[in-house]
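Only one structure is covered here, and it is reproduced in the block below.
There are 2 protein chains.
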Amino acid sequence: MSEQLGVAAGLVRLSFLVQSVYGEACEEHELTPPQAQLLCVLRDAPRGMAELAQTLRLEKSSVTGLVDRAERRGLVRRVASRADRRAVRVELTPAGETLAGTFHQAASQRLSATVAGLTQRDRARLAAIASDVLEAAQVPAVFADESAG
Amino acid sequence: MSEQLGVAAGLVRLSFLVQSVYGEACEEHELTPPQAQLLCVLRDAPRGMAELAQTLRLEKSSVTGLVDRAERRGLVRRVASRADRRAVRVELTPAGETLAGTFHQAASQRLSATVAGLTQRDRARLAAIASDVLEAAQVPAVFADESAG
DNA sequence: TATTGTTATACTCTATAACTATA
DNA sequence: TATAGTTATAGAGTATAACAATA
Chain C
0 MSEQLGVAAG LVRLSFLVQS VYGEACEEHE LTPPQAQLLC VLRDAPRGMA ELAQTLRLEK
60 SSVTGLVDRA ERRGLVRRVA SRADRRAVRV ELTPAGETLA GTFHQAASQR LSATVAGLTQ
120 RDRARLAAIA SDVLEAAQVP AVFADESAG
Chain X
0 MSEQLGVAAG LVRLSFLVQS VYGEACEEHE LTPPQAQLLC VLRDAPRGMA ELAQTLRLEK
60 SSVTGLVDRA ERRGLVRRVA SRADRRAVRV ELTPAGETLA GTFHQAASQR LSATVAGLTQ
120 RDRARLAAIA SDVLEAAQVP AVFADESAG
């Protein structure tokens with residue numbers, strides 16, 4: 000039995016653990032974490048480049064490169080907007096949609112396994128507390144929920 | 000009031016939030032997240048390169064570069080081992096020690112602020128549940144605890 | 001003028017493969 | 001042979017600054 004961590008250290012270490020598990024799911028699907036994030040965001044709906052920059056917390060020029068590489072791999076495509084001739088909408092290709100779905104499922108399973116040792120009650124508490132924190136922080140939904148909840 | 004997330008989505012989104020807050024503390028101190036992690040690990044004790052690779056989950060060659068850049072910035076230094084002439088020990092310089100300390104404090108404060116909206120009881124539950132998960136997962140301590148608890 | 005997006009550039013981070021030196 | 005660490009190389013990711021095109 001190790002000592003009880005403070006909440007700050009607990010959050011940091013837990014987040015590194017989660018990122019590590021998420022990264023394993025990425026490797027399994029030959030995705031880098033930023034690419035996986037991109038696909039997961041686009042699963043919800045197509046986005047413009049500026050919108051992606053805001054959601055992913057990146058500079059516009061970084062999004063250009065990220066989308067370039069995903070497009071080169073056939074996972075997303077740029078579609079010209081008809082309303083605004085400056086703008087593009089980035090959307091998943093069928094291959095990207097499939098990959099995004101299987102990735103999301105695999106990541107969810109790995110994360111569930113990571114907390115499988117907790118009691119049912121503690122898992123519910125963890126989910127509830129996380130929801131509270133996220134709601135207060137107004138975080139963009141960068142990973143979809145698919146719980147029965 | 001948004002819906003209650005499932006535990007997998009809650010963990011992923013929470014971890015992105017925490018990484019983002021951690022990243023802000025990094026920027027404030029002109030550190031990249033991997034550099035900050037390196038300093039925080041070395042705060043505990045000097046380490047060999049192979050040991051660092053394991054703790055940070057990086058290849059040895061990646062650690063070489065990370066330590067190179069930190070050393071160039073005067074934050075760490077390589078000290079030849081006397082027991083094993085192949086080996087080096089990486090340790091914090093005084094400047095690195097100071098920076099590591101103020102970074103850790105700043106990050107802790109930001110994280111505490113992030114969960115300040117929770118009840119005292121929920122914060123304690125979150126810390127306890129995180130401890131349980133981390134203990135089960137055998138995670139290396141990449142961010143020190145300095146709570147009273 | 002403001003916004004959308006790209007290009008040019010530079011640096012950090014990371015892995016793989018091949019290497020040196022020591023154990 | 002195995003281990004500790006570095007070098008060479010290549011690619012992803014990121015930011016800043018400057019730019020083009022459209023609103």
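From first to last, the protein sequence lines stand for chains C and X. For the record, in the first sequence the residue sitting at position 126 is 125 according to numbering that gives the first Met the number 0, with numbers rising by one throughout. For the record, in the second sequence the residue sitting at position 139 is 138 according to numbering that gives the first Met the number 0, with numbers rising by one throughout. Built from N, CA and C at the ideal position, the CB exists for glycine as well. Here the structure is a predicted model, which is why all the values come from computation and not from measurement.
- Its chain contains Glu-70, Glu-90 and Thr-92 as the residues whose beta carbon lies nearer than 7 Å to that of X:Arg-76, once the 5 sequence neighbours on both sides are disregarded; these appear in chain order.
- Among the residues facing chain C, X:Gln-34 is not included, as its CB has no counterpart in that chain under 7 Å away.
- Contact annotation for C:Gly-5 against chain X: Ala-126, Asp-144, Glu-145, Ser-146 and Gly-148 [CB-CB distance below 7 Å, chain order].
- The C-beta of C:Arg-12 comes closer than 7 Å to at least one C-beta of chain X.
- Where C:Arg-76 is concerned, there is no enclosing alpha helix (DSSP H), although the beta strand (DSSP E) around it starts and stops at 75 to 79.
- Under the DSSP assignment, X:Arg-88 falls in the beta strand (DSSP E) whose first and last residues are 87 to 91.
- When DSSP states are grouped into helix, strand and coil, X:Arg-46 belongs to the strand group.
- From the beta-carbon of C:Ser-80, no residue of chain X is found nearer than 8 Å; the closest lies around 28 Å away.
- The closest CA to that of C:Ala-136, considering only X:Val-6, X:Ser-111, X:Pro-139 and X:Thr-101, is found on X:Ser-111.
- The C-alpha of X:Asp-121 lies about 7 Å from the C-alpha of C:Ile-128.
- C:Ser-107 and C:Val-114 have their C-alpha atoms spaced approximately 11 Å apart.
- Contact annotation, X:Ala-52 with X:His-103: C-beta distance approximately 22 Å; criterion of less than 8 Å not satisfied.
- In the DSSP annotation of this structure, the continuous segment of the alpha helix (DSSP H) that includes C:Thr-63 starts and ends at 59 to 71.
- Rounded to whole angstroms, the separation of the alpha carbons of X:Val-141 and X:Cys-39 is 6 Å.
- At least one beta carbon of chain C lies nearer than 7 Å to the beta carbon of X:Arg-122.
- Contact between the stretch 9 to 20 of chain C and the stretch 43 to 63 of chain C is absent: fewer than three C-beta pairs spanning the two stretches fall below 8 Å.
- Nearest to X:Leu-10 by alpha-carbon distance, out of C:Arg-72, C:Thr-118 and C:Arg-109, is C:Arg-109.
- Ranked by Cα distance from X:Val-138, the first of X:Leu-37, X:Thr-54, X:Pro-32 and X:Leu-30 is X:Thr-54.
- The beta carbon of X:Leu-117 lies closer than 8 Å to those of Leu-125 in the same chain, with the five residues before and after it left out.
- Cα atoms of X:Glu-29 and C:Arg-84: separation of roughly 39 Å, rounded to the nearest angstrom.
- The continuous alpha helix (DSSP H) containing X:Val-17 extends over residues 6 to 27.
- At a cut-off of 7 Å between C-beta atoms, C:Phe-102 does not count as an interface residue with respect to chain X.
- Apart from the 5 residues on each side of it in sequence, C:Glu-27 sits with its Cβ closer than 7 Å to the Cβ of Ala-105 in its chain, given in chain order.
- For C:Ser-146, there is no enclosing alpha helix (DSSP H), since its DSSP letter is neither H nor E.
- Counting along the chain, X:Val-138 sits inside no alpha helix (DSSP H), nor does DSSP assign it H or E at all.
- Excluding residues up to 5 positions away in sequence, Ala-140 and Ala-143 lie with their Cβ nearer than 8 Å to the Cβ of X:Asp-43 in the same chain.
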